[in-house]
Amino acid sequence: MKTIVVTTDFTLISQNAVDYATELALFLQMKLSILHVSSIPLSFSEVPAPIFDLIEMQSDAEIELARLKESIIDETGGLLSVEAHLRVGDAVSEINDYCNAVKPYIVIIGAESANAFERFLFAGKAVSALRQLAWPLIVVPPAVRFANIRKVALACDCKDVLSTIPLTYIKTLVDDLHAQLQVVHIAKHDHDSNTLRYEKEFEWLKNVLKGTCSKYHILHGEHVEECLTEFAEKNKIDLMIVIPKKYNLLRDLFRHSHSQNLVLHTHVPVMSVH
């Protein structure tokens, strides 16, 4: 059975991500795996943190995980297979190692803001961690509840699309969700010297996605994040797929406050697929 992994730190924001992951797992009839990473506290003195504090922290986390697991089983009437796992160490390494072991269909995390997200999961290494994670990752904005994902948008820059976009996975995802796929290309200028090449790439993409994608859009604007967010809200997109290596969108999310507000605070979950 395929697995959906969701991370939690037991806050309201991460609980919302767990709720989202639970509903998605039920919809897709997949197993849910809840992961909590207890990071070893950094000490700014020569005296390390007392060992009993670390043991107590891990014990508390185990209790919370057990409660969360039982709560989900009760709420779903036992229809969902649920696992809960605790790991100790560097969050980046532990999440990567765990995902490499279970090979999840999707990884889901919650994010209140770029800073909170970065502090919680990756201790200042958010960008590199997201780029390293080889598994599809959904960032769920606060207060976003799961509903049937009917419209999925793929942000595509039309550069070497056949070799840089995991089209097989995207087609499978769209089919599993019974959703409609729309492809969006952002052109920064109305008169782009590469227009002909983009159009050719678009035609290749249409042939590959024939029967899967229903609409193609070419948008113009200097800021990718603003264009995507406006498009998502206007077209009632339920999930926006981005390719981090192509747009560096996730990097920009943590660098600029405006894109932090536009994307992490939008009502559309953002999915990164390598």
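Going by the UniProt record's numbering, the first residue of the sequence shown is number 1, and it counts up by one from there. Idealized CB from N, CA, C, for every residue including glycine. Just so it is clear, the structure is predicted and the values come from calculations on it, not from any experiment.
The continuous alpha helix (DSSP H) containing residue 99 extends over residues 91-102. With 16 or more other Cβ atoms inside 10 Å of its own Cβ, residue 151 counts as buried. The beta carbons of residue 7 and residue 109 sit closer together than 8 angstroms.
The Cβ neighbour count for residue 212, taken over all protein chains shown within 10 Å, is at least 16; the residue is labelled buried. Secondary structure at residue 67: helix, using DSSP grouped into helix, strand and coil.
In this structure, the straight-line span from the alpha carbon of residue 12 to that of residue 65 is close to 14 angstroms. In the three-state reduction of the DSSP assignment, residue 13 falls in the helix class, which pools H, G and I.
For residue 10, the closest of 164, 232, 86, 225 by C-alpha to C-alpha distance is 86. Only residues of its own chain outside the window of five on either side were considered, and among them 110 have a CB closer than 6 angstroms to the CB of residue 16, listed in chain order. Burial check for residue 91: the Cβ neighbour count within 10 Å reaches 16 or more, so the residue is buried. Distance from the Cα of residue 205 is smallest, within the candidate group 169, 226, 172, 165, for 165. Ranking 244, 201, 184, 210 by CA distance to the CA of residue 221 puts 184 first.
Look at residue 105 here: in three-state DSSP terms it is coil, with no helix or strand label.
The three-state reading of DSSP puts residue 7 in strand, counting E and B together. Judged by their CB atoms, residue 268 and residue 243 are not nearer to each other than the 8 angstroms cut-off.
Residue range 224-234 is occupied by the alpha helix (DSSP H) that includes residue 232.
For residue 151, the enclosing beta strand (DSSP E) starts and ends at 151-155.
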